[in-house]
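Per the numbering used here, the sequence shown starts with residue 10, numbered consecutively.
I have placed the structure first, in the form of structure tokens, so that the comments after it can refer back to it.
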Amino acid sequence: MRRIFNKIRSVLKFYLAVNWIKTIYFNFKKFPFHIAKKLPIFFYGSVKFSNISGEIIIDAPEIKKGMIGFGQKFEMLTRSKRIAEISILGKLVFKGNAHIGIDCFLHVGENAYCEFGYMSCLGSNVKLICKEKVILSNWVGIGYESQLTDSNFHPMMNTETGEQYPMTSPIFLASHNAFSNRISIMPGTKTPENCVVASNSVVNKDYTDLGNNILIGGVPAKLIKRNYNRDWESEKEMLKKFKIIW
């Protein structure tokens with residue numbers, strides 16, 4: 010009897026957590042009816058749609074209800090500041106299940122391209138700003154209070170030569186990357202597969218020449234250890250069970 014009661018309570022708690030008005034509005038606004046009726050994107054709690062005029066594509070073998078969650082509470086931190094916001098003017102592509110934590114800011118600028126791979130994840134209070142191109146491959150996890158931006162936002166120059174530096178440069182994060190908390194992922198960042206990044210680091214260049222299975226960190230980040238990786242295989246089934254709603 011207690012088990013049944015706990016199950017009912019859990020289901021009620023979940024349904025009360027979903028922002029059904031924003032969920033229904035967004036899905037039917039951005040997808041054709043045959044996709045929208047499945048409600049593939051769930052919004053939880055308060056979220057502001059500052060602009061959703063861009064294109065959202067789910068490029069997955071199967072589209073399911075709630076496969077993409079925005080505002081999910083899957084970390085130890087569970088209280089929201091009610092500051093979540095999305096602004097999609099360019100193209101946002103999901104390659105499968107994806108998870109975005111509470112109080113995140115997601116911006117894809119005009120003519121920009123942003124891609125979330127299968128089981129990619131943004132922790133709470135993460136800011137992702139894409140002005141040109143940002144790709145998170147499969148199983149990329151970004152820790153809480155981190156920021157990703159492929160833009161300097163302002164024109165920068167060499168004061169001796171007068172050379173103008175590019176304002177934007179694409180970010181590519183390879184599969185099975187684990188980013189700890191409060192990391193700044195800057196324009197031009199490119200990581201290898203099976204890479205771990207230490208807390209409070211600044212990553213700002215191409216690290217692929219270091220090879221796979223590495224730990225990097227620091228300001229700016231540099232190689233700390235080789236033959237180092239998150240044990241993804243031991244966690245995958247647990248993560249799927251914990252984060253995939255349906």
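Using N, Cα and C, we set each Cβ at its ideal position, and we do this for glycine too.
*Beta bridge counterpart(s) of THR158 as assigned by DSSP*: ILE138
_So, for VAL215: in the same chain, excluding its five sequence neighbours on each side, which residues have a beta-carbon less than 6 Å away from its beta-carbon?_
Inspection of the sequence shows that residue 215 is occupied by Asp rather than by Val. If we look at ASP215 and ignore the five residues flanking it on each side, its Cβ neighbours are LYS199.
*TYR128, DSSP secondary structure in three states*: In the sequence as displayed, the identity of residue 128 is Met instead of Tyr. Coil at MET128, not helix or strand.
*Return the CA-CA distance between CYS204 and ILE194, expressed in angstroms with no decimal places.*
14 Å
*For GLU244, the three-state DSSP class (helix, strand or coil)*: helix
*Limits of the unbroken beta strand (DSSP E) element including HIS108*: 107-110
*Local Cβ density within 10 Å of VAL228, reported as buried at 16 or more and exposed below that*: exposed
*Rounded separation between ALA45 and MET176 - CA only*: 36 Å
*What does a CB cutoff of less than 6 Å around VAL135 pick up in its chain, not counting 5 residues either side in sequence?*
CYS113, ILE151 and SER155
_I need the boundaries of the beta strand (DSSP E) containing LYS100, first residue and last residue._
100-103
*With a threshold of 16 other CB atoms inside 10 Å of the CB of ALA26, please say whether the residue is buried or exposed.*
exposed
*Answer with buried or exposed for TYR237, where buried requires no fewer than 16 other C-beta atoms within 10 angstroms of its C-beta.*
exposed
*Can you list, in chain order, the residues of its chain whose CB lies under 8 Å from that of SER62, leaving out five sequence neighbours each side?*
ILE97 and LEU98
*Can you grab the Cα-Cα spacing for the pair GLN81 / ASN28, in whole Å?*
Each residue's CA atom was taken as its position, placing GLN81 and ASN28 some 11 Å apart.
*Report the option in VAL212, LYS142, PHE37 and ILE95 whose CA atom is closest to the CA atom of PHE7.*
Outside the shown range of the chain (10 to 255) lies residue 7, about which nothing can therefore be said.
*asked:* Using the three-state DSSP reduction, which class does PHE83 fall into: helix, strand or coil?
replied: If DSSP states are grouped into helix, strand and coil, PHE83 belongs with coil.
*Looking only at DSSP bridge pairs, what is SER189 linked to?*
SER189 pairs with nothing; no bridge assigned.
*Smallest Cα separation from ALA207: which of VAL117, PRO201, TRP241 and ARG191?*
ARG191
*Within this structure, are the beta carbons of ALA107 and ILE77 separated by less than 8 Å?*
yes
*If you draw a straight line from the C-alpha of ILE50 to the C-alpha of GLY171, how long is it?*
47 Å
*Unbroken alpha helix (DSSP H) runs of length 4 or more, entirely within the segment 39-76: which are they?*
Runs of the alpha helix (DSSP H) lying entirely within the segment 39-76 and spanning at least 4 residues, in chain order: 42-45.
*asked:* When you compare the CB of ASN167 with every CB in chain C, is at least one pair closer than 8 Å?
replied: As a matter of chain content, chain C is missing from the structure shown, which is built from one protein chain.
*Kindly indicate which three-state DSSP category ILE33 falls into: helix, strand or coil?*
helix
*Going by alpha carbons, who is nearest to LYS73 out of SER55, LEU86 and HIS43?*
HIS43
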